[in-house]
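In the numbering used here, the protein residues as written are 2 to 438.
The structure under discussion appears below in the form of structure tokens.
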Ligand code: ADP
């Protein structure tokens, strides 16, 4: 690798592809690694990469582990390329600021600031293309405040406060402030002046208001030379300009071209978000074949993986041209019933384990076009498939690109969908998009 300009650490795998997607669309050449690369990683294929996104699965693990993994990713990123002094670091989390009171956004940001010896950074999960906007420090999901949106019922990271200054302040000893909408509307020079003001008053992290792409692009100039940025994927659209990158639509289409799709099609869904529930319901209403992974059966010790794969084999024998859906996706009430029996962590793990074993089994059966719904679920599936690197392809919908991976069993097109993303017909759109290119 010769000149990595931007080193990114993402706290989940769908978030990583989401960020990589936005950087590609801004004209950057991006490689995404699954976990921190080891010596066996093939670096030769990485010539002329502008940005590297290291995908971790660190959103809901203990804070100390998230810190350790993030610092390991930082050290690896800093060891790459020749222009390390100017390497900017981007800590990517969810556009709904998914975290528990224990972290991990605050603790990881603290650790990265210490390691980079920097005393100021921003925190901005805004992603207007997906309806995530921030006003006076309050995060909106579409027309709803975060705590009134479906995120209040998230199985692992229920978000019960929409005031991000308060949420972040609960996770860090450093003082958290705000760069508000008036400052952002006034442009990058005024933002830079505000940062100096905040620093003078002892504030070292600032939530940034943003409600449009135009604001994110203009504000992006103020993040130039900031050693550390923390954000969702939205602000990525304002960064390529800082590195002198201005791509045309043609450049972007060329950079995101993937090999032709092959093999069978499947969807594995472990997200319980409002959007995914609607997508699963729509897929079934349209006559799509589906298999429900019932957590109660998993708890009872049934071999649900074997049942699911036997079902899939039977379905593929009938038709090889239709995608199959395997899902654990459930309503908040059903999720609560499972969690009451097993606890939050154990139920999440049990279901992720089953879904990832099923994903692997599906690929063994010949699936080569795989959509996974859910951040944690995607992490588990990609790990089970032994994927080390993803090449970022064309966007299916904001925040979700097709990617291309080399696995032990061959080449695979995979789309990792963050729970809340995508239109109600996302699953069909995804396969259609791959077919038409
Ligand atoms: P999202 O992207 O929507 O946050 P994730 O995959 O990150 O989705 O998180 C969903 C979590 O909920 C996973 O840990 C998954 O295993 C768990 N889960 C899925 N279905 C159920 C269910 N029926 N009951 C309880 N937990 C579930």
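The beta carbon of each residue, even a glycine, is placed where N, CA and C say it ideally should be.
Check, Outcome
"Residue 195 classed as buried or exposed, judged by whether at least 16 other C-beta atoms fall within 10 angstroms", "buried"
"Heavy atom of ligand 1 within 8 Å of residue 383 beta-carbon", "no"
"Between the CA atoms of residue 152 and residue 428 - distance to the nearest angstrom", "22 Å"
"Neighbourhood of residue 138 by C-beta distance below 6 Å, restricted to the same chain and skipping five residues each side", "164, 165, 166, 179, 208"
"Cβ shell of residue 399 (< 6 Å), same chain only, five flanking positions each side left out", "130, 131"
"Coarse secondary structure for residue 395, derived from DSSP in three states", "strand"
"Distance cut-off 8 Å: residue 13 Cβ against heavy atoms of ligand 1", "yes"
"Residues that residue 390 bridges to, as DSSP identifies them", "34"
"Under 9 Å between C-beta atoms of residue 50 and residue 11", "no"
"At least 3 beta-carbon pairs within less than 8 Å: the segment 359–378 vs the segment 4–18", "yes"
"Buried versus exposed call for residue 409 [16 or more other C-beta atoms within 10 Å across all chains shown]", "exposed"
"Near ligand 1: residue 273 beta-carbon under 8 Å from a heavy atom", "yes"
"Residue 335 CB to nearest heavy atom of ligand 1 below 8 Å", "yes"
"Local conformation of residue 183 per DSSP, three classes", "helix"
"Residue from 395, 404, 407 with nearest C-alpha to residue 437", "395"
"For residue 11, the first and last residue of its enclosing beta strand (DSSP E)", "7–11"
"Complete beta strand (DSSP E) runs within the segment 207–245 (minimum length 3 residues, chain order)", "229–232"
"Pairwise C-alpha distance: residue 203 and residue 386", "46 Å"
"Whole-Å CB distance - residue 136 paired with residue 96, under 8 Å assumed", "Going by Cβ atoms, the distance from residue 136 to residue 96 rounds to 15 Å, so no, they are not a contact pair."
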